[in-house]
Amino acid sequence: MPPRFKELYKQTRSSKDSRQNRLLQEAQLRRLQREQVFMGKRLRLRAPQDSETESEYEFTASDMTGIIKGLEASCKAYLSGKHDERMDALQNLSVKLEQPSEELREFVLEGKCIELLVGFLTQADGDEKLQSLWCLTNIAASEGRLAERVLPATPHLLPLLSSSIAELTNQAAWALGNLAAEGEQMREQLYALGALAPLVSLLGAQDPVVLQTACFAVSNMARKPCSYFNRLFELDVPQVAAKQLKRFANDPECVAELAWVFAYLTAASSAQQVDCVLASGAVDVLLQCAVDAADGAPGALLIPIIRTLGNVAAGTDAQTHALVAKPGFVPLLVKYIESRASRAVEKETLWVLSSVTAGRKEDVHAMVNAGVVPDLVRIIETQDYDIKKEAAFSLLNIALVGECLEDLPNERLVREFVGFLRSQDPQLVRMGVQFIALVADDLDGGLGVLRHVEGAIDALENLVAVTEDDDTRAMVSALIDRYYGEDAEVAIEQ
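Numbers given in the numbering used here equal positions in the sequence shown, counted from 1, plus 99.
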């Protein structure tokens, strides 16, 4: 099923079909940009006292030669029982893989690096397996062509997911999670190799470290596009993860990782799948965790929780209403929109609000009555354009509820939306035009408000000349005609 997103503002006088396509593309882009900031691959780093990682410019060809010889000699040392030699060679390699040189990249791409590391997985004792896994994890965390070299090791990684040694299980899941972050093709290959079910089974782990890594891997496997998304629900991921949320509710790191699982499960799912997540009780636990979080709680905890709430709010009107009706939800949004402690949290919260205000009239009024409008006005008047843009979606939605428009500080807002007309961002330009048109058409004395804003008509006339969007040009032309029309003076005086 294609991704489904809440419309960010209601129907205007432009073409409905083209507008819906634009909104879908814009919502997908906004979501993707957020994901790239907070999710990705994870290197396994040595503790500072164990490692003094050199930059690749300090790593010489002779160093690489020494590592290769050490690894090859270590493989031959099994019969002689030289455990320390093998450990030294693997630890040295894992350190250099934190910032691989060109010589080391070449060894991974063209040499026997992966073959040697897999050899340690199949023959070595637990300590040597762990060091080999550490190396494979960091290779998988590198750029795509290096990560692809780790894929053939997957059949040797999967049995370790059920190891009785927690460190081996954790490191194998970590390596697979890095591979899953590489992209759609890699995820499909991992699924074909049977990686999904054993990773999902780790979500039930009682060890918090293993649980966190399992969540990282499953979250990356749950990224769309993927052909097996429905399989996550067949494997009861929402129910298992919800149970773990309740068990580890007092562990912020576990809550954050579990929240990412739900963020991806709800990101592009069907209405029935979102209902499944709601029925699991996970949203209630996540909401309570966010409400209970102390002031100044890290974004690492709050972002995935708010993202999940936003994905649910972007569902059907019934799902949005169910979320708004939950105790603590509305005050939580107000709190993080008022707070200026975290720009990222504020931006995510504004995104949630934009979906809520595109829903039922009673949900819009719930937010207005909670006092969110003054903060939205403050943001749109004082913040940078990326934050203004998020606030503008909600203000436009609120204005579209007819009885709310006259209660807004419209002259102040028109001044800001006129500023959007000069932006290079087509989305901001469209919102500027739509808000100005709404005020002019639906507010008594709206043309008078427009006349009082300095530079408004000049900005509109300039936009007609430069815009390439036919819908925008038509709407602006109609505004200008009304502004200069023979009825304009009468309308303004009234």
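Here a beta-carbon is modelled for each residue, glycine too, at the ideal position from N, C-alpha and C. In this text, all values refer to a predicted model and were calculated from it rather than measured experimentally.
Pairwise C-alpha distance: Glu202 and Gln338: 47 Å
Closest to Phe492 by CA distance: which of Arg143, Pro307, Leu452 and Cys314 is it? Leu452
Taking only the alpha-carbon atoms, compute the straight-line gap between Met530 and Asp543 and give it to the nearest angstrom. 21 Å
Secondary structure, alpha helix (DSSP H): runs of 4+ residues fully inside the region 321–357: 328–333 and 336–346
From Val194 to Phe206, what does the alpha carbon distance come to, in whole angstroms? 15 Å
Please report the residue range of the alpha helix (DSSP H) in which Pro430 lies. Phe428 to Glu437
Which same chain residues end up closer than 6 Å to Ala469 when comparing Cβ atoms and leaving out the 5 residues on each side of it in sequence? Val429 and Val433
State the CB to CB distance for the pair Trp273 and Arg442, rounded to an integer number of angstroms; the pair is presumed to be in contact (CB under 8 Å). Trp273 to Arg442, Cβ: 30 Å. No contact.
Relative to the C-alpha of Gln418, which residue among Glu437, Asp394, Glu447 and Asp462 is closest? Asp462
Which same chain residues, not among the five before or five after Ala340, have their C-beta less than 7 Å away from its C-beta? Leu302, Leu357, Val360, Phe361 and Ala381
DSSP three-state label for Ser241, please. coil
Applying the criterion that 16 or more other CB atoms from any shown protein chain within 10 Å of the CB defines a buried residue, is Pro397 buried or exposed? exposed
With DSSP collapsed to three states, give me the class of Ile402. helix
If we ignore side chains and look at the alpha-carbon of each, how far apart do Ile213 and Arg248 end up? 7 Å
Per-residue DSSP class, three states only, for Thr365: coil
Determine the burial state of Arg439: buried for a count of at least 16 other Cβ atoms within 10 Å of its Cβ, exposed for fewer. exposed
Rounded separation between Glu510 and Val563 - CA only: 22 Å
Work out the CA separation of Tyr290 and Arg596 for me, nearest whole Å. Not covered by the structure: residue 596. The range shown for the chain is 100 to 593.
Expressed to the nearest angstrom, what Euclidean distance is found between the alpha-carbon atoms of Ser241 and Phe332? 31 Å
Going by C-alpha distance, which of Ser262, His464, Gln523 and Ala536 is nearest Leu80? With the chain covering only 100 through 593, there is no way to say anything about residue 80.
What is the rounded straight-line gap between the Cα of Thr221 and the Cα of Leu256? 10 Å
Please go through the same chain and pick out, in chain order, the residues whose beta-carbon is closer than 7 Å to the beta-carbon of Leu401, but skip the five residues on each side of it. Ala389, Ala392 and Val444
When Cys353, Ser200 and Thr236 are compared against Val217, the one with the closest alpha-carbon: Thr236
Measuring alpha carbon to alpha carbon, tell me which of Thr268, Arg514, Asn496 and Arg185 ends up nearest Thr481. Arg514
Check the C-beta distance from Val552 over to Val528 and give it rounded, since I have them as a contact under 8 Å. Between Val528 and Val552 the Cβ distance is about 16 Å, and since that is not below 8 Å, they are no contact.
Reduced DSSP secondary structure (H/G/I, E/B, other) of Glu281: coil
If you reduce the DSSP assignment to three classes, tell me which class Leu144 lands in. coil
Look up Thr456 in the DSSP assignment and say whether it is helix, strand or coil. coil
Which residues in the same chain as Val455 place their Cβ atom closer than 7 Å to its Cβ, once the five residues preceding and following it in sequence are excluded? Ala412, Thr419, Val423, Asp462 and Met466
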